[in-house]
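Going down the list, the protein sequences come from chains U and H. For the first sequence, the numbering used here assigns the number 1 to the initial residue and increments by one for each residue that follows. For the second sequence, the numbering used here assigns the number 1001 to the initial residue and increments by one for each residue that follows. Glycine included, every Cβ here is placed at the ideal spot set by N, Cα and C. Bear in mind that the values here come from a model prediction, so they are computed numbers and not experimental data. Step one of this worksheet: look at the structure below.
Number of protein chains: 2
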Amino acid sequence: MDIQLKRGLLDVCVLAAMRSEDSYGYKIIKDVKPYVELSESTLYTILKRLENAKMLTVRTVEHDGRLRKYYHITEDGIRRIEEFKDEWKEVDAIYQFVIKEGES
Amino acid sequence: MDIQLKRGLLDVCVLAAMRSEDSYGYKIIKDVKPYVELSESTLYTILKRLENAKMLTVRTVEHDGRLRKYYHITEDGIRRIEEFKDEWKEVDAIYQFVIKEGES
DNA sequence: GCGTAATACATCGTATCACGAAGTATTGAT
DNA sequence: ATCAATACTTCGTGATACGATGTATTACGC
């Protein structure tokens, strides 16, 4: 899938993946994999960005003798998802324009 | 609208705008405006990129004593629009994931 | 006649961002 | 013992949207 199309989807995908319960890096990648391919370096960049934007909080937990970072979505993060749903109306309008104008 | 979401839409929008008939910079901006806001600097960057990718050809025409560049979509450009339609199935699946996981 | 908006195209610099590459460290199966 | 899987981190790079700025002409109101 085109890299450019993924942008704008990734952040909100990651947020959605931790919406119902807190999650951690490796799990997020696996959960999202059926929909978008997401490399580790990309994910950790996104998580850092979302943390700076206060859309999630981090908690380090020891799990089987190894440290694991759990990510928890904040109110701002939830609001971001809601905003995204609204923005999607505009995106869909653009899509309609493309398929209408771009008829074969 | 979020910049990131626009990426991947813009190129194909510009191509769609010249699908039914050849167009030029200023007209493309006006035609696309109801759907996406597009600055001149961005458009000319996109047109240059699409030209390099052989998705369009350029023709300079004198119009009211002033030069005007007409852009014509190529076979490759049309193919790009068709590809986009296919990719949209994946994009929609991602959207479904976000609204399902991100339920209030 | 003069200013201003609209038309039309072009260039430069910057900030954002996805990703590959490479690294560290542990657990568990072959 | 070796290798895959789990788990997180850092660095550098290329792509790219956009604001700022510039050039030049036409058209309209005052």
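(message) For the structure I just gave you, are there three or more beta carbon pairs, one from the segment 1042-1053 of chain H and one from the segment 1007-1014 of chain H, closer than 8 Å?
(response) A contact exists between the segment 1042-1053 of chain H and the segment 1007-1014 of chain H.
(request) Alpha carbon to alpha carbon, how far is THR1060/H from ARG1066/H? Give it in angstroms, no decimals. (result) Roughly 10 Å separates the two Cα atoms.
(message) If you reduce the DSSP assignment to three classes, tell me which class LEU1056/H lands in.
(response) strand
(request) State buried or exposed for ALA93/U, treating a residue as buried only when at least 16 other CB atoms are found within 10 Å of its CB. (result) Residue environment: ALA93/U is assigned as exposed (fewer than 16 neighbouring CB atoms within 10 Å of its CB, all protein chains considered).
(request) Sort LYS1069/H, GLU1090/H, VAL1091/H by Cα distance to MET1018/H and report the nearest one. (result) LYS1069/H
(request) Return the residue from the list LEU56/U, ASP76/U, PHE84/U that minimises the CA-CA distance to SER1098/H. (result) Contrary to the premise, residue 1098/H reads as Val rather than Ser in this sequence. That would be PHE84/U, whose Cα lies nearest to the Cα of VAL1098/H.
(request) Tell me whether ARG1049/H sits in a helix, a strand or coil according to DSSP, three-state version. (result) Secondary structure of ARG1049/H (DSSP, three-state): helix.
(request) Would you check if the distance between the CB atom of LEU1038/H and the CB atom of ILE1081/H is smaller than 7 Å? (result) no
(request) Compare the C-alpha of GLU1086/H against each of GLU75/U, GLY25/U, TYR95/U and name the closest. (result) A quick correction: the sequence has Asp, not Glu, at residue 1086/H. Of the candidates GLU75/U, GLY25/U, TYR95/U, the one whose C-alpha sits nearest the C-alpha of ASP1086/H is TYR95/U.
(request) Give the secondary structure of VAL964/H by DSSP, where H, G and I count as helix, E and B as strand, and everything else as coil. (result) What is shown of chain H runs 1001 to 1104, which leaves residue 964/H out entirely.
(message) Would ILE1094/H pass as an interface residue toward chain U - the criterion being a Cβ-Cβ separation below 7 Å?
(response) yes
(message) I'd like to know whether the C-beta of GLU1062/H is nearer than 7 Å to at least one C-beta of chain U.
(response) It does not: the Cβ of GLU1062/H has no partner Cβ on chain U nearer than 7 Å.
(message) Which residues in chain U have a C-beta closer than 9 Å to the C-beta of ILE1028/H? List them in chain order.
(response) Within chain U, no residue comes near ILE1028/H; the closest Cβ sits about 11 Å away, beyond 9 Å.
(message) Could you check if LEU10/U belongs to the surroundings of the ligand NAP, using beta carbon to heavy atom distance under 6 Å?
(response) Only the bare structure without any ligand can be found here, which leaves the ligand NAP out of the picture.
(request) Determine the extent of the alpha helix (DSSP H) in which ARG79/U is found, giving its start and end residues. (result) 75-101
(message) Pop quiz: ILE73/U and LEU56/U are said to be a contact at Cβ under 8 Å. What is the actual Cβ separation, rounded to whole angstroms?
(response) 5 Å
(request) Could you check which residue in VAL1091/H, GLU1101/H, SER1020/H has the C-alpha nearest to that of GLU101/U? (result) SER1020/H
(request) Round the Cβ separation of TYR1071/H and ASP1022/H to the nearest angstrom and send it over; I've been treating them as touching at under 8 Å. (result) Under the criterion of beta carbons closer than 8 Å, TYR1071/H and ASP1022/H qualify as touching, at roughly 6 Å.
(message) According to DSSP, is LYS41/U part of a helix, a strand, or is it coil?
(response) It should be pointed out that residue 41/U corresponds to Ser in this sequence rather than to Lys. SER41/U: helix per DSSP, three-state reduction.
(request) State buried or exposed for LYS1054/H, treating a residue as buried only when at least 16 other CB atoms are found within 10 Å of its CB. (result) exposed
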